[in-house]
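Report on one structure; see the data block that follows.
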Amino acid sequence: MDPSAGDNAIKMAARYGRTSTVQLLLSDPRVDPSADGNYAIFNAATDGHTETVRLLMSDPRVDPSADDNCAIGNAAVDGHTETVRLLMSDPRVDPSADDNYAIINAASEGHTETVRLLMSDSRVDPSANSNRAIIYAASEGHTETVRLLMFDSRVDPSANGNRAIIKATSDGHTETVRLLMSDSRVDPSADDNLPIINAASEGHTATVRLLMSHLCVDPSAQSDRAIREATLGGHIETVQLLLADDRVNPNSNDLILTAAAGGHADVTELLLSHLRVNASTLLDEAKRRATEGGHTKVVHDYKRQKFSSRE
1 MDPSAGDNAI KMAARYGRTS TVQLLLSDPR VDPSADGNYA IFNAATDGHT
51 ETVRLLMSDP RVDPSADDNC AIGNAAVDGH TETVRLLMSD PRVDPSADDN
101 YAIINAASEG HTETVRLLMS DSRVDPSANS NRAIIYAASE GHTETVRLLM
151 FDSRVDPSAN GNRAIIKATS DGHTETVRLL MSDSRVDPSA DDNLPIINAA
201 SEGHTATVRL LMSHLCVDPS AQSDRAIREA TLGGHIETVQ LLLADDRVNP
251 NSNDLILTAA AGGHADVTEL LLSHLRVNAS TLLDEAKRRA TEGGHTKVVH
301 DYKRQKFSSR E
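Sequential numbering from 1 applies to the sequence shown in UniProt numbering.
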């Protein structure tokens, strides 16, 4: 049997971290550990098999920086910090390769210790690619990774039109939003109050509440778009919170009709019962839209509301 056939044996052994098997295969002159573009070390690094990587690096035929430093990039993406550390010890390896791919993707996955290690190398720029590392970390709610990146003077958390806080609010990462708001460079009302609109649209009530606590944020921006988006989604707690702010106009955008057409009976009832809502001219139209959509509960609540209004 030829252990070098297709170079599969050493590639598979490296992939599963079978260091002793790799060592045995390396003792056979027919086996090339750098075959297929150094695939063996890529496999080992991707799955964080540090000792296997160490063994492969001891062979002069293996290039740990092959394919634009793919090995360290793959190890960083999955947070294999010790594997990254080992690869960084080799002068051939550039942790900033491919426009700082390693730190951007480690940040995206919230691997804070891997990010910290990469930042310790002067070649690595945590603000690369228009501060993509902090934007990706914020969009996934990796608060500690965001905190670490914010401590670096090169990183601008307001970059790309405050993209970090806009992305964080969209997914309701309240603690990440809180951290970003603590930096004076960050504008939580950016892009005509898009953060609160995004948060309301997805029903992230805690995030909306936090944003409303900031003096710059206007929950009525873009013609009360936040409450309209919350109504469209049937997010009753978010609607209730927004209604509590006098700047929000509950009569704008035909909110009752929107709620009724969407079959959101609880939101419809909330709006109908609100003191600032002028429901008298909209009740019949709300019923019609609810009926057309087959939303029988809304129709039932409408009848109850109409009956109550006669008492």
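Beta carbons: idealized from backbone N, C-alpha and C, even for Gly.
Delimiting residues of the alpha helix (DSSP H) encompassing residue i
{"i": "Arg178", "result": "174-181"}
{"i": "Asn129", "result": "128-139"}
{"i": "Phe42", "result": "35-46"}
{"i": "Leu210", "result": "205-212"}
{"i": "Glu109", "result": "No alpha helix (DSSP H) holds Glu109; DSSP gives it neither H nor E."}
{"i": "Gly262", "result": "No alpha helix (DSSP H) holds Gly262; DSSP gives it neither H nor E."}
{"i": "Asn193", "result": "190-201"}
{"i": "Ser122", "result": "Element bounds for Ser122: n/a, residue is neither H nor E."}
{"i": "Leu232", "result": "221-232"}
{"i": "Gly73", "result": "66-77"}
{"i": "Arg61", "result": "Run containing Arg61: none; DSSP gives neither H nor E here."}
{"i": "Leu275", "result": "No alpha helix (DSSP H) holds Leu275; DSSP gives it neither H nor E."}
{"i": "Leu86", "result": "81-88"}
{"i": "Ser20", "result": "19-26"}
{"i": "Ala244", "result": "Element bounds for Ala244: n/a, residue is neither H nor E."}
{"i": "Ser96", "result": "Per DSSP, Ser96 belongs to no alpha helix (DSSP H) and is neither H nor E."}
{"i": "Asn160", "result": "159-170"}
{"i": "Arg147", "result": "143-150"}
{"i": "Asn8", "result": "8-15"}
Burial state of residue i (16 or more Cβ within 10 Å)
{"i": "Pro60", "result": "exposed"}
{"i": "His295", "result": "Model confidence at His295 stands at a pLDDT of 47, short of 50, so the residue's coordinates are unreliable; what they give is reported in the following sentence. Label assigned to His295: buried."}
{"i": "Asn69", "result": "buried"}
{"i": "Arg225", "result": "buried"}
{"i": "Phe42", "result": "buried"}
{"i": "Ser153", "result": "exposed"}
{"i": "Asp28", "result": "exposed"}
{"i": "Asp156", "result": "buried"}
{"i": "Leu180", "result": "buried"}
{"i": "Asp187", "result": "buried"}
{"i": "Leu228", "result": "According to the sequence displayed, residue 228 carries Arg and not Leu. So Arg228 counts as buried."}
{"i": "Arg247", "result": "exposed"}
{"i": "Arg276", "result": "exposed"}
{"i": "Arg123", "result": "exposed"}
{"i": "Leu215", "result": "exposed"}
{"i": "Ser108", "result": "buried"}
{"i": "Val298", "result": "Caution applies to Val298, whose pLDDT of 45 falls short of 50 and renders its modelled position unreliable; the model cannot decide the point."}
{"i": "Pro91", "result": "exposed"}
{"i": "Ala199", "result": "buried"}
{"i": "Ser20", "result": "exposed"}
{"i": "Asn193", "result": "buried"}
{"i": "residue 362", "result": "The structure shown has nothing for residue 362, since the chain only spans 1 to 311."}
{"i": "Ala244", "result": "exposed"}
{"i": "Tyr302", "result": "Because Tyr302 carries a pLDDT of 49, less than 50, the predicted location of this residue cannot be relied on, and the following value inherits that uncertainty. Answer is buried; the Cβ neighbour count reaches 16."}
{"i": "Phe307", "result": "Reliability of the predicted coordinates at Phe307 is poor, the pLDDT of 40 falling under 50, and the value obtained from them is presented with this limitation in mind. It is exposed - the Cβ of Phe307 has fewer than 16 other Cβ atoms within 10 Å."}
Alpha carbon of residue i to alpha carbon of residue j, nearest angstrom
{"i": "Ala230", "j": "Gln240", "result": "10 Å"}
{"i": "residue 338", "j": "Ala137", "result": "The structure shown does not extend to residue 338, since the chain spans only 1 to 311, so no value can be given for it."}
{"i": "His49", "j": "Ala14", "result": "8 Å"}
{"i": "Leu210", "j": "Ile165", "result": "12 Å"}
{"i": "Ile236", "j": "Ala259", "result": "10 Å"}
{"i": "Glu202", "j": "Ser170", "result": "7 Å"}
{"i": "Ile103", "j": "Pro126", "result": "7 Å"}
{"i": "Gly233", "j": "Ile10", "result": "53 Å"}
{"i": "Glu144", "j": "Arg163", "result": "18 Å"}
{"i": "Asp121", "j": "Pro95", "result": "8 Å"}
{"i": "Leu86", "j": "Val177", "result": "35 Å"}
{"i": "Val217", "j": "Gly262", "result": "28 Å"}
{"i": "Ser252", "j": "Ser223", "result": "7 Å"}
{"i": "Ala128", "j": "His274", "result": "50 Å"}
{"i": "Thr114", "j": "Arg147", "result": "14 Å"}
{"i": "Thr46", "j": "Gly161", "result": "34 Å"}
{"i": "Ala44", "j": "Ile134", "result": "28 Å"}
{"i": "Pro64", "j": "Ser182", "result": "41 Å"}
{"i": "Glu82", "j": "Glu269", "result": "57 Å"}
{"i": "Met12", "j": "Thr52", "result": "12 Å"}
{"i": "Asp254", "j": "Thr207", "result": "25 Å"}
{"i": "Leu242", "j": "Tyr101", "result": "41 Å"}
{"i": "Leu26", "j": "Gly79", "result": "28 Å"}
{"i": "Ser139", "j": "Met119", "result": "20 Å"}
{"i": "Ala106", "j": "Leu271", "result": "45 Å"}
{"i": "Asn38", "j": "Asp67", "result": "8 Å"}
{"i": "Asn278", "j": "Leu257", "result": "12 Å"}
{"i": "His173", "j": "Gly141", "result": "5 Å"}
> Any chance the stretch 66-79 sits against the stretch 21-33, with 3 or more Cβ pairs inside 8 Å?
Replying inline: no
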